[in-house]
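Step one of this worksheet: look at the structure below.
Number of protein chains: 2
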Amino acid sequence: MRKNKGMPMEEQSGPLMADVARLAGVAISTVSRALANPGRVNEKTRARIDAAAKKLGYTPNAMARGLRVGKSNTIMIILPGSLYYGVSQVIPQVLQSINKALLQNGYNLMIANLGRDAESERHILDLAFGGTVRGAIILSSKLPEVDGRSLANAGLPTISMLLDMSDAGVPSVVTNDREAVRDATADLIHLGHRRFLYLAGPENNYHDLERFSGVVEALQEAGLSESAVVRSGGNLDYQHGFDIGLQAASDFAALADKPTAAIATSDDMAISFMSRVQRMGLSIPGGLSIVSFDGSPVCAFCSPPLSTIEQPMEEMGQMAVAILMAAIDRPEQKPEMRNVIRSRLIQRESVAAPVWLLANNFN
Amino acid sequence: MRKNKGMPMEEQSGPLMADVARLAGVAISTVSRALANPGRVNEKTRARIDAAAKKLGYTPNAMARGLRVGKSNTIMIILPGSLYYGVSQVIPQVLQSINKALLQNGYNLMIANLGRDAESERHILDLAFGGTVRGAIILSSKLPEVDGRSLANAGLPTISMLLDMSDAGVPSVVTNDREAVRDATADLIHLGHRRFLYLAGPENNYHDLERFSGVVEALQEAGLSESAVVRSGGNLDYQHGFDIGLQAASDFAALADKPTAAIATSDDMAISFMSRVQRMGLSIPGGLSIVSFDGSPVCAFCSPPLSTIEQPMEEMGQMAVAILMAAIDRPEQKPEMRNVIRSRLIQRESVAAPVWLLANNFN
DNA sequence: TTGTAGGCGTTATCAC
DNA sequence: GTGATAACGCCTACAA
């Protein structure tokens, strides 16, 4: 019989370490050692203990261990409340790769959604300050902060992914958006394009700033004016990519001096944009070239197949976890603040030289 | 100074309940009550305690509470290792809706991946038997089971989603796949189609069985033979939907007696299939009608826009959580074993009457 | 190499 | 209404 002073009514829980110890005829502490530190215990005792544990189907209680050692073994990933999930599979890929990498390090993954409400911030801070999690990977631009508490001073190892938060002191894993877009734009210029349409996500978002800068840099390098690019969008979230594309198609239709190339900042917007302008009678890439962003597999099956800049999510997830693990295990060692993974342009048939150049080939 | 007998070196942790008690000038137990059970404590004391807690930035330690009450407040979602993430956004939507619903009930969401390896099964069982999680939502057809332990007898409230596991005693939330496909097929028959191509996911998978049965039922009801449908695929995972579609296009090309309608069991396969057969010169829906499955938003922007059967993920997630909460809070009450949410066919331009019927309209 | 014992931070019971 | 106190299950410093 167990004692039951000060305890609530309880359904039967599984076997305890004490049960294993009794069956193996040793002290509890020996069981603990045998399980956690097999080297520090006699081989024969260890075998007896293992057998007993297996026989009872013993599983250590994670919360008791966590409380005792003052460390949890779960990591939280903070996803923006308005989660972007388009054709790009970014989120599932991130989750998959992070979870896999964490598992190999003995950690679990917990999901937290960061909305615009104080409630979701409070929840995340509870997770952080309540010792539930041991570290965080954040995919949102804002650090949770509400009534005095802030993730920034939770003493919680935190890594940012996709967005550069190194300014806020958070080590970040990002892609070279700007460079990739600059190169893609330079390619278009090289093909003869001189007038561009840029499809923007939410204005002033890190990605928008980076990617648009890439366009502008390419124009400057080619001696072209910034006025060579027309911006569309800026008021909708990436989540509404399809709507951005539709709006951009309207904008395009209304332009007197038509661009010959479009640069979309997500595959969603590229796809709906392309669909709509084709329906308007425009031919692609003949009448308009399109380059897009995200590297969604489905782009290969658009008509025409869509050129797109791929983001190596698998690699980014692995690196984020590696940096996080280092931050946990060796806190004294200052991590690299900005970690860049290279994007790759996947070239497909949505890009060609502009028609006027093909027609009168004298440039 | 804190005592430190038998304890490892420790970095400073946050304020404790004892600190709040000291600052408020009450006993620890009163603080505990004030925070968890505000009604059972004097209004003025409660206010003093709240103020003290806020001032110190106190956050209760979740593991200590969990250990004490013998219950955790996290739920795990078990995702298949070969995670299907195509254009359909099924997984992100599921996660989003489940997480949101759990949050409202005060629970956290933990991710677990169930691969084909014993290691991942062991990990999940550790979570279950180690008291880390309070319940599980499983999206995989196999219940983790390894060396004696099985999720089936972990005493862990478990709900299946997408797949019907009611046979295994697991309450399930599913869509009416079969019925939806039957109706869609009946529509095609009604339009005049008499010969069909069926694009299958992995053979004998629950979804494949259900959906193909739907096709066969419709044929039978119309007095047509089962030989009216040709199956393609069956050897690849849904994850490789694009490849299934490409293979189906080859199969289609090789058929002497061409089907006039195709039924795809995921949007991915429909999209790559359509892309490939169009490239072969086939016109859609003129030469071939296509109906697909998943309801991916991108289908609206295919050319032609793709008819697809939508799965209401949001609703399914909410129901799964509702049932899980009931299973946790009222274990004596037997839950409904099979919970069906209706799918909806989104009709678009990829479906039309077969050409021969349009041409000689005498049937 | 093994056993003893104290305590991680919280909550529930019991007594006042 | 409030305070003292004993657990929850495990780990580790220390003694043997």
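So the protein lines, in turn, are chains C and H.
If you count the first sequence from 1, position 297 lands on 287 in our numbering, and the numbers rise without skipping.
If you count the second sequence from 1, position 178 lands on 168 in our numbering, and the numbers rise without skipping.
Beta carbons: idealized from backbone N, C-alpha and C, even for Gly.
Query: Residues of its chain near A8 (chain C), where Cβ-Cβ distance is below 8 Å and the 5 sequence neighbours each way are ignored; Result: I18
Query: C-beta atoms of I65 (chain H) and G125 (chain H) nearer than 8 Å; Result: yes
Query: Sequence-distant residues of its chain with Cβ nearer than 8 Å to A252 (chain H) (five each side left out); Result: F186, L187, Y188, L189, A238, F242, A260, F263, L278, S279, I280, V281
Query: Within chain C, partners of Q268 (chain H) - CB distance below 9 Å; Result: S293
Query: Sub-8 Å separation of A42 (chain H) and L57 (chain C) beta-carbons; Result: no
Query: Contacts of I101 (chain H) in chain C (Cβ-Cβ under 7 Å); Result: L85, N89, L99, I101
Query: C-beta neighbour in chain C for N194 (chain H), strict 8 Å; Result: no
Query: Whether S72 (chain C) touches D177 (chain C) by CB criterion (8 Å); Result: no
Query: For A343 (chain C), the three-state DSSP class (helix, strand or coil); Result: coil
Query: Proximal residues to E135 (chain H) (C-beta, below 6 Å), its chain only, five neighbours per side dropped; Result: none
Query: Range covered by the beta strand (DSSP E) that runs through Y97 (chain C); Result: Counting along the chain, Y97 (chain C) falls outside any beta strand (DSSP E), and DSSP gives it neither H nor E.
Query: Classification of P321 (chain C) by the beta-carbon crowding that lies within 10 angstroms, buried from 16 upward; Result: exposed
Query: Endpoints, beta strand (DSSP E) assigned at M155 (chain H); Result: Per DSSP, M155 (chain H) belongs to no beta strand (DSSP E) and is neither H nor E.
Query: Within 8 Å, strictly: CB atoms of S297 (chain C) and R338 (chain C); Result: yes
Query: For I65 (chain H): DSSP bridge partner residues; Result: H:L99, H:G125
Query: Cα-Cα separation, A343 (chain C) to D173 (chain C); Result: 16 Å
Query: Proximity winner among H:D319, H:P302, H:K248, relative to V345 (chain H) (alpha-carbon distances); Result: H:K248
Query: Contact list for the stretch 272 to 293 of chain H against chain C, Cβ threshold 7 Å; Result: P287, V288, F291, S293
Query: Run of the alpha helix (DSSP H) containing R201 (chain C), from where it starts to where it stops; Result: 196 to 211
Query: Residue burial classification, L245 (chain C) (beta-carbon count within 10 angstroms, cutoff 16); Result: exposed
Query: In DSSP terms, what D284 (chain C) is bridged to; Result: C:E300
Query: Min CB distance K44 (chain C) to chain H below 8 Å; Result: yes
Query: Continuous beta strand (DSSP E) assignments of at least 3 residues falling wholly in the stretch 300 to 340 of chain H; Result: 328 to 331, 334 to 336
Query: C-beta contact flag for R201 (chain C) and F283 (chain C) at 8 Å; Result: yes
Query: Residue environment, D157 (chain H), which counts as buried when at least 16 other CB atoms sit within 10 Å; Result: exposed
Query: Chain H contacts made by the stretch 216 to 247 of chain C, where a contact means CB separation under 7 Å; Result: F232
Query: Local conformation of L189 (chain H) per DSSP, three classes; Result: strand
Query: First and last residue of the uninterrupted alpha helix (DSSP H) at M53 (chain C); Result: 52 to 59
Query: Delimiting residues of the beta strand (DSSP E) encompassing S150 (chain H); Result: 148 to 151
Query: Integer Cβ distance of P5 (chain C) from G60 (chain C), believed to fall under 8 Å; Result: Wrong, their Cβ atoms sit about 25 Å apart, outside the cutoff.
Query: P28 (chain C) burial status per 10 Å Cβ neighbour count (16 or more: buried); Result: exposed
Query: Proximity winner among H:H183, H:L314, H:P325, H:G159, relative to D95 (chain H) (alpha-carbon distances); Result: It should be noted that the sequence gives Asn, not Asp, for residue 95 (chain H). Of the listed residues, the one whose Cα sits closest to N95 (chain H) is H:L314.
Query: Interface flag, R139 (chain H) vs chain C, CB-CB below 8 Å; Result: yes
Query: Buried versus exposed call for E111 (chain H) [16 or more other C-beta atoms within 10 Å across all chains shown]; Result: buried
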